[in-house]
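For the sequence shown, the numbering used here begins at 286 and goes up steadily by one. Beta carbons: idealized from backbone N, C-alpha and C, even for Gly. Since this is a predicted model, take the numbers as computed values, not measurements. Comments concern the structure below.
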Amino acid sequence: MEKKLASRKSDRSEVRGETEDFRDHLATADKEGRRKWVYPRKPRGRYYRARIWLTWVLLTIMFAGPFIKINGNPLLMINVVERKFSVFGVIFWPQDNLVFALGFLLFLMGIAVFTAAFGRLWCGYACPQTVLMEMVFRRIEYWIEGDAPAQKKLDHAPWTASKVGKKLFKHGIFLGLSFIIGNTLLAYIIGIDALKDLITDDPRRHLAGLGFMGLFTLLFYGIFARFREQACTFICPYGRLQATLLDENSIVVGYDYKRGEMRGKLQRAETAAARSARGAGDCIDCFQCVSVCPTGIDIRNGTQMECVNCTACIDVCDEVMDKIGRRRGLIRYASLNGIEKGEPLRVTPRLVGYGVILLCLGLGLLALLVTRSPVDTTLLRAPGALFQKAPEGRISNLYLLKLTNKTHHQMPVQLKLENVDGRLTVLGGQLDLPAERQTEASVLVEIAPEHLRSGTTPIVVGVYAGGKRLNQVKTVFVGPRK
Numbered sequence: 286m287e288k289k290l291a292s293r294k295s296d297r298s299e300v301r302g303e304t305e306d307f308r309d310h311l312a313t314a315d316k317e318g319r320r321k322w323v324y325p326r327k328p329r330g331r332y333y334r335a336r337i338w339l340t341w342v343l344l345t346i347m348f349a350g351p352f353i354k355i356n357g358n359p360l361l362m363i364n365v366v367e368r369k370f371s372v373f374g375v376i377f378w379p380q381d382n383l384v385f386a387l388g389f390l391l392f393l394m395g396i397a398v399f400t401a402a403f404g405r406l407w408c409g410y411a412c413p414q415t416v417l418m419e420m421v422f423r424r425i426e427y428w429i430e431g432d433a434p435a436q437k438k439l440d441h442a443p444w445t446a447s448k449v450g451k452k453l454f455k456h457g458i459f460l461g462l463s464f465i466i467g468n469t470l471l472a473y474i475i476g477i478d479a480l481k482d483l484i485t486d487d488p489r490r491h492l493a494g495l496g497f498m499g500l501f502t503l504l505f506y507g508i509f510a511r512f513r514e515q516a517c518t519f520i521c522p523y524g525r526l527q528a529t530l531l532d533e534n535s536i537v538v539g540y541d542y543k544r545g546e547m548r549g550k551l552q553r554a555e556t557a558a559a560r561s562a563r564g565a566g567d568c569i570d571c572f573q574c575v576s577v578c579p580t581g582i583d584i585r586n587g588t589q590m591e592c593v594n595c596t597a598c599i600d601v602c603d604e605v606m607d608k609i610g611r612r613r614g615l616i617r618y619a620s621l622n623g624i625e626k627g628e629p630l631r632v633t634p635r636l637v638g639y640g641v642i643l644l645c646l647g648l649g650l651l652a653l654l655v656t657r658s659p660v661d662t663t664l665l666r667a668p669g670a671l672f673q674k675a676p677e678g679r680i681s682n683l684y685l686l687k688l689t690n691k692t693h694h695q696m697p698v699q700l701k702l703e704n705v706d707g708r709l710t711v712l713g714g715q716l717d718l719p720a721e722r723q724t725e726a727s728v729l730v731e732i733a734p735e736h737l738r739s740g741t742t743p744i745v746v747g748v749y750a751g752g753k754r755l756n757q758v759k760t761v762f763v764g765p766r767k
């Protein structure tokens, strides 16, 4: 889609005698490759107000999330250190690798479906980078240093007491917010209880944890104070993926070039009819859409990787159209076919195919979650152990048993031989599994020779709790050859 729109833009640029080189370089870098600092003007308008309200909801969820528990477990926790994960209060372990794999595929396919239908709506409204940068840090910057012209003037002014005070105040707030955000992220990794211990306990006992707190703080400070839009244009792969995910029917923030071209300054007291008669479009080349863009691009050049769909250009263009007496929507949410051919948004076969795959993955994940056993069992023969023959003639094998209790409550379990007559003994007594822990034990299985095959015999062991079978595990029993 980018190439189609670019070719049309190229044709118009040739008519106007312009060069079409905007895709050959970054808008935030000069010819020598040095960074050009972006000073976006403060946006305002209906979409910006909607984003403010949504930001309050998202920030509330983000900062309250670590404190919310379901059945005693965190709402969301990704504890890589202990390989323990909690999603909506349900504990998952590395043994749930199939659930993780299917969930990851579902996530990727969900991105493909959502992007193919709605473009980069996620980036503009819900991405943590955009929300925190544009709706938190940027607004603090406007409050302390003023709008874009005032910020630029301040940065180029000599160092005075006033400038030093403003810079120290701003970066002090940035550092404090980065500390809060970093600790919130840490709470999602190790859990809020562990974070409380880390903060309140003797620091000498938690040097590694305190080091991570400092590292996360500096990381977020660097992103929001200096790196900024480069996190979207350089690091995030989503913008590069959109070229393969978008098509002519995807919703994007688009400039209606059929209505806007040819561009030209608005002449004094010029009517719409007079402007149309001289071949000028509704775009008055005021560059307001460029001045409010947080990534420094010109949306009139078409869909670009750097566009995060923040809608600031829509709001400011609508404001300009109101002032000059033109109808809104010169820049709007639209598809390429909607702009070119006036086609309404429709469900394409591509979307239907994506949707079917997404539905199948979702049903598969749901089936895994419904049939997921609360106890994971591994039963293997003890390494190097040979079969033994008891005085009464029974043949015995020694096994190593690993049981993982995935629930948040203690659970006594029993083991039973399912497919052959014999005796199963847990060495050390009854198995009483602690909550959310892995238990190891040795198991002795004894079977009479008449029930054995020559060499190896498949056996099935059932795991029971409260009279209900939780799962089965298969292994082999080694005996003498007949």
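- Residue state for Leu-630 is assigned as coil, using DSSP reduced to three classes.
- Per DSSP, reduced to three states, the secondary structure at Ser-576 is helical.
- Annotation for Ser-463: the continuous alpha helix (DSSP H) segment containing it runs 446-475.
- Contiguous beta strand (DSSP E) elements confined to the segment 656-696 occur at 660-666, 680-690, taking only those with 3 or more residues.
- Of the residues assessed, Pro-743 falls on the exposed side of the cut-off, its CB having fewer than 16 other CB atoms within 10 angstroms.
- Contact between the segment 527-547 and the segment 613-626 is present, with at least three C-beta pairs closer than 8 Å.
- In the displayed model, Pro-719 falls within coil according to three-state DSSP, outside both helix and strand.
- Between Glu-426 and Leu-439 a beta carbon distance of about 11 Å is seen, past the 8 Å cut, so the two are scored as non-contacting.
- Nearest to Gln-699 by alpha-carbon distance, out of Gly-647, Asn-756, Leu-646, is Asn-756.
- Ranking Cys-517, Arg-331, Glu-367 by CA distance to the CA of Val-593 puts Cys-517 first.
- Asp-661 is a Cβ neighbour of Trp-378, given a cutoff of 8 Å.
- Taking 8 Å as the cut-off, the beta carbon of Cys-598 is found no closer than this to the beta carbon of Cys-568.
- By the C-beta criterion, the segment 545-563 is judged not to be in contact with the segment 413-427, since fewer than 3 inter-stretch pairs fall below 8 Å.
- Of the residues assessed, Cys-408 falls on the buried side of the cut-off, its CB having 16 or more other CB atoms within 10 angstroms.
- If you look at Tyr-540, you'll find it in the beta strand (DSSP E) that goes 537-540.
- With the rule of 3 Cβ pairs closer than 8 Å, the segment 355-367 counts as touching the segment 467-482.
- Non-local beta-carbon contacts of Gly-494 in its own chain, meaning distances under 7 Å to residues more than five positions away in sequence, involve Leu-483 in chain order.
- A residue is called buried once 16 or more other Cβ atoms fall within 10 Å of its Cβ, and Gln-673, having fewer, is exposed.
- Between Tyr-324 and Leu-531, the alpha-carbon positions lie close to 29 Å from each other.
- The residue from Leu-343, Val-384, Gly-374, Ala-442 with its alpha-carbon nearest to that of Leu-654 is Val-384.
- Taking a cut-off of 8 Å on C-beta distances, the segment 734-749 touches the segment 695-710, as three or more cross pairs fall below it.
- A contact between stretches requires three or more CB pairs, one per stretch, nearer than 8 Å, and the segment 443-461 fails this requirement with the segment 320-335.
- Between the alpha carbons of Asn-382 and Phe-399 lies a distance of about 25 Å.
- In terms of Cβ geometry, Gly-374 and Ile-355 form a close pair [threshold 8 Å].
- Residue environment: Asp-478 is assigned as exposed (fewer than 16 neighbouring CB atoms within 10 Å of its CB, all protein chains considered).
- Straight through space, the alpha carbons of Thr-340 and Tyr-410 are spaced by roughly 8 Å.
- Pairing Lys-701 with Gly-669, the inter-Cα distance amounts to about 24 Å.
- Per DSSP, reduced to three states, the secondary structure at Glu-367 is coil, with no helix or strand assignment.
- Taking C-alpha positions only, Asn-468 is separated from Tyr-506 by approximately 13 Å.
- In the DSSP secondary-structure assignment, Glu-731 is bridged to Ser-681, Arg-708.
- Of the residues assessed, Lys-481 falls on the exposed side of the cut-off, its CB having fewer than 16 other CB atoms within 10 angstroms.
- By the Cβ-count criterion, Gly-450 is exposed, with fewer than 16 other Cβ atoms from all chains shown falling within 10 Å of its own Cβ.
- Here the alpha carbon of Glu-628 sits roughly 53 Å from the alpha carbon of Glu-367.
- Contact check for Ala-750 against Pro-676 fails: the beta carbons are separated by 8 Å or more.
- Under the three-state reduction of DSSP output, Ala-516 falls in the helix class.
- Annotation: Val-593 is outside any beta strand (DSSP E) and is labelled neither H nor E by DSSP.
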